[in-house]
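To start, the structure under review is shown below, and the notes come after it.
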Amino acid sequence: MKWINLLVVALAIAACEPTHRPTQQDVDSVIDQWLNLWATYDLDFLDDIFLQSESLTYFSSEKVGLIQGYDQMKPHHEGFGFVSSGKTPDKSLWLEALETRFYGESVMVASIWYFGDKSLPKEEVQKGPVTFVLTQNDNGRLKIAHTHFANY
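Just so you know, we're using the working numbering here: the sequence shown kicks off at 22 and counts up by one.
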C-alpha cells in the first residue's frame with residue numbers, strides 16, 4: 022500500500038509539471054503574436070498572448086503606474102484604439118536588437134521598440150527599451166507574464 026501511495030503522489034507531481042521547457046521557437050511564436058497584435062490592433066489576440074491571471078503585470082511607456090491583472094489589459098489596450106476584430110493602425114510598431122535569456126521554465130526577452138512610420142529615420146519615431154517575462158500557463162503554453170516599456 023505504501024508503494025501505491027508513493028506512486029499516486031509521484032504521478033500527481035508529474036502532472037503539475039510543465040510538459041517541456043520553453044524553446045526559442047516558443048518565444049519567437051509569442052513575440053510574433055504580440056507584434057501581430059500591434060499590426061492589427063485586434064483585442065481578440067490578448068487571450069493568446071498574455072497570462073490570464075491576476076499576477077500579470079504591465080508597465081506602459083505612455084501611462085503612469087503598474088497595470089495589474091489580466092482583466093486590466095483589455096481596457097488599457099482599448100485606450101490606445103485597439104478593438105475587437107482589429108483595424109488598420111496609422112503607425113507601425115517593431116522590435117530590434119532582441120535578446121533572449123532562459124531561466125528554467127521562464128524566459129526574459131529584452132529589445133528596443135520603435136513606433137511610427139517605418140519609412141522615417143529611426144531618430145524621428147518613438148522608441149525605447151522593452152522587457153518581457155514569459156512563463157508557461159497551467160496548460161504548458163508560453164505566455165507573457167510581465168511587460169515593461171520605457172522611452173528614450
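Virtual Cβ for every residue (Gly too), placed ideally from N, Cα, C.
Ile70 to Gln46 span [Cα, whole Å]
Taking the sequence shown and counting its residues from 1, the one referred to as residue 70 is at position 49. Taking the sequence shown and counting its residues from 1, the one referred to as residue 46 is at position 25. Taking the straight line joining both Cα atoms gives about 15 Å.
Run of the alpha helix (DSSP H) containing Thr61, from where it starts to where it stops
Translated into the one-based positions of the sequence shown, residue 61 becomes position 40. Taken as a continuous stretch (DSSP letters only), the alpha helix (DSSP H) holding Thr61 covers Gln45 to Thr61.
How many Å lie between Phe136 and Asn172 at the Cα?
For the purposes of this step, residue 136 is taken as the residue at position 115 of the sequence shown. For the purposes of this step, residue 172 is taken as the residue at position 151 of the sequence shown. Taking the straight line joining both Cα atoms gives about 11 Å.
What runs of the alpha helix (DSSP H), each 4 residues or longer, lie entirely inside the segment 82-146?
94-99
At which residues does the beta strand (DSSP E) containing Leu67 begin and terminate?
Taking the first residue of the sequence shown as position 1, residue 67 is located at position 46. From DSSP, Leu67 is part of no beta strand (DSSP E) but of the alpha helix (DSSP H) over Leu67 to Ile70.
Spatial neighbours of Ser81 in its chain, beta-carbon cut-off 8 Å, leaving aside the 5 residues before and after
On the sequence shown, position 60 is the one that residue 81 refers to. Ile88, His97 and Phe170, listed in sequence order.
Where Leu58 falls, given that 16 or more other Cβ within 10 Å makes a residue buried:
Translated into the one-based positions of the sequence shown, residue 58 becomes position 37. Counting Cβ neighbours within 10 Å, Leu58 comes out buried, since at least 16 surround it.
Given a threshold of 16 other Cβ atoms within 10 Å of its Cβ, counted over all protein chains shown, does Thr109 qualify as buried or as exposed?
Taking the sequence shown and counting its residues from 1, the one referred to as residue 109 is at position 88. Result: exposed.
Does the contact criterion of 3 or more C-beta pairs under 8 Å hold for the segment 119-126 versus the segment 97-107?
no
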